[in-house]
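J.: One structure, as structure tokens, below. Some questions next.
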Amino acid sequence: MPELPEVETTRRGIAPHLLGRCVRTVVIRNPHLRWTVPLALATELPGQTLHAVERRAKYLLLRTGHGTVIVHLGMSGSLRVVDESLPAGPYDHVDLVFSGGKCLRLRDPRRFGAILWTQTDPAQHALLRDLGPEPLAPEFTAAWLGACMHGRRAAVRDLLLNARIVAGVGNIYANEALFRAGIRPGRRGGRLSHADCSRLVSSIRVILRRAIAAGGTTLRDFQNAEGDPGHFQRALSVYGRAGHPCRRCGTPVKALAIGQRRAFFCPHCQR
DNA sequence: CTTTTGACCTGACAGC
DNA sequence: TGCTGTCAGGTCAAAA
642 MPELPEVETT RRGIAPHLLG RCVRTVVIRN PHLRWTVPLA LATELPGQTL HAVERRAKYL
702 LLRTGHGTVI VHLGMSGSLR VVDESLPAGP YDHVDLVFSG GKCLRLRDPR RFGAILWTQT
762 DPAQHALLRD LGPEPLAPEF TAAWLGACMH GRRAAVRDLL LNARIVAGVG NIYANEALFR
822 AGIRPGRRGG RLSHADCSRL VSSIRVILRR AIAAGGTTLR DFQNAEGDPG HFQRALSVYG
882 RAGHPCRRCG TPVKALAIGQ RRAFFCPHCQ R
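Quick note on the numbering used here: the first sequence kicks off at 642 and runs consecutively.
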């Protein structure tokens, strides 16, 4: 479900409620997520004060003085700040209960998400250490993208989903950025020119910034920390719009199966 | 090394 | 109404 803009929307939503608060208890109702929820979360976290809520790629990092909680929302995960008295639903697997009665509740029907605990530098964690640059950071340049694309036969859409190349871009925004850059999703990475890479870098930045400003994209179930949906789905140019007219030229948008995941493009506006 | 495939889960929806 | 099949925002691990 959530790509970078949805995770960032979640981060901004939960941070003001929780910063400076102390964890009172951890409730693990179902530990069977992508990786088993570590028992250390329940033994080490209570008593710790949350002093930062950061995001790296699609991971959220909840920093305390003695360790960091790493959260990934997978395909169907969401985090909400609720009153601890609110009854938990069947997919509410983990609660971090804070002093004052507020509770950070992780819901994840498909259980592809994760919540982990590390007492060392999270940037060196096996899940984070090989991530590529943040797309909104200055290290993400046309030169970097060009070097990553060089000699690659895979579809550019798939290379954009590769977190070692750029961190946090998922299927929606990869397709949207490729539309904006005028590049077909099935083009082989190695066939991109420097000008293509340059347009793609700026397109990714623009699309992600706009999506964050809109509070993310809600296709079926994304909701922010307050339980509200995002609004970027109204601004989608191609994703999920197969058969509908291109907003720029009117040509019907095409869908293509690339690997196991669908790609969307305008055959007139994208080459 | 790169690329492809399977795996992990449940819900929503289309079609019969 | 109810069944079956397909698809979904992610990404790791193993196979080719």
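For glycine and all other residues, C-beta sits at the position ideal for the given N, C-alpha and C.
Cα separation between Val712 and Thr859?
T.: Here the alpha carbon of Val712 sits roughly 20 Å from the alpha carbon of Thr859.
J.: Mind checking who Val797 pairs with in its DSSP beta bridge?
T.: None, per the DSSP bridge assignment.
J.: Determine the closest residue to Phe663 out of Asp736, Leu680, Pro687, Asp799, with distance taken between C-alpha atoms.
T.: The displayed chain sequence assigns Cys, not Phe, to residue 663. Among Asp736, Leu680, Pro687, Asp799, the Cα nearest to that of Cys663 belongs to Pro687.
J.: Evaluate contact between the region 896-904 and the region 817-827, counting only Cβ atoms and requiring at least three cross-stretch pairs below 8 Å.
T.: Between the region 896-904 and the region 817-827 there are three or more C-beta pairs closer than 8 Å, enough to call the two in contact.
J.: Quick one: using the 10 Å Cβ neighbour count with 16 as the cut-off for buried, is Leu916 buried or exposed?
T.: Residue 916 lies beyond the stretch modelled for the chain, which goes from 642 to 912, so this question has no answer here.
J.: Unbroken beta strand (DSSP E) runs of length 3 or more, entirely within the region 836-900: which are they?
T.: 895-899
J.: Whose CA, out of Thr690, Ala808, Arg832, lies closest to the CA of Arg794?
T.: Of the residues Thr690, Ala808, Arg832, the one whose Cα lies closest to the Cα of Arg794 is Arg832.
J.: Between Pro672 and the rest of its own chain, which residues show a CB-CB distance below 6 Å, the 5 nearest in sequence each way excluded?
T.: Val678
J.: Please say whether Ile806 and His880 have beta carbons closer to each other than 8 Å?
T.: Here the sequence assigns Tyr to residue 880, which means His is not the residue at that position. No, Cβ-Cβ distance for Tyr880 and Ile806 is not below 8 Å.
J.: Use the C-beta contact count for Cys887: other C-beta atoms within 10 angstroms, 16 or more gives buried, fewer gives exposed.
T.: buried
J.: Out of Leu659, Thr684, Gly715, which has the shortest C-alpha to C-alpha gap to Gly742?
T.: Leu659
J.: What residue range is occupied by the uninterrupted alpha helix (DSSP H) comprising Tyr814?
T.: 812-822
J.: If I follow the unbroken alpha helix (DSSP H) through Ala656, where does it start and stop?
T.: 645-659
J.: For Leu691, which of helix, strand or coil comes out of DSSP?
T.: strand
J.: Could you give the distance in angstroms between the alpha-carbon of Met927 and the alpha-carbon of Val648?
T.: Because the chain here runs from 642 to 912, residue 927 falls outside it and cannot be looked at.
J.: Is the region 756-776 close to the region 689-709, with three or more CB pairs under 8 Å?
T.: yes
J.: Using the Cα positions of Arg889 and Leu877, report the straight-line distance between them to the nearest angstrom.
T.: Between Arg889 and Leu877, the C-alpha separation is close to 12 Å.
J.: So what does DSSP say about Trp758, is it helix, strand or coil?
T.: strand
J.: By a C-beta neighbour count over all protein chains shown, 10 Å radius and 16 as the cutoff for buried, is Gln765 buried or exposed?
T.: exposed
J.: Is the CB-CB distance between Leu800 and Gly830 below 8 Å?
T.: A contact, by the Cβ cut-off of 8 Å.
J.: Which residue marks the beginning of the alpha helix (DSSP H) containing Ala683, and which one marks its end?
T.: 681-685
J.: Write down the C-beta distance between Ala855 and Asp837 rounded to the nearest angstrom, noting that I regard them as a contact closer than 8 Å.
T.: With a Cβ gap of about 26 Å, Ala855 and Asp837 do not count as contacting.
J.: May I ask you to report which of helix, strand or coil DSSP gives Gly773?
T.: coil
J.: Who are the near neighbours of Cys910 in its chain, counting only those whose CB is closer than 8 Å to its CB and skipping five residues on each side?
T.: Phe820, Gly823, Cys887, Arg889, Cys890, Thr892
J.: By how many angstroms is the C-alpha of Arg846 removed from the C-alpha of Leu786?
T.: 13 Å
J.: What residue range does the beta strand (DSSP E) around Ala904 cover?
T.: Ala904 -> beta strand (DSSP E) spans 902-906.
J.: If you draw a straight line from the alpha carbon of Arg912 to that of Phe906, how long is it in whole angstroms?
T.: 9 Å
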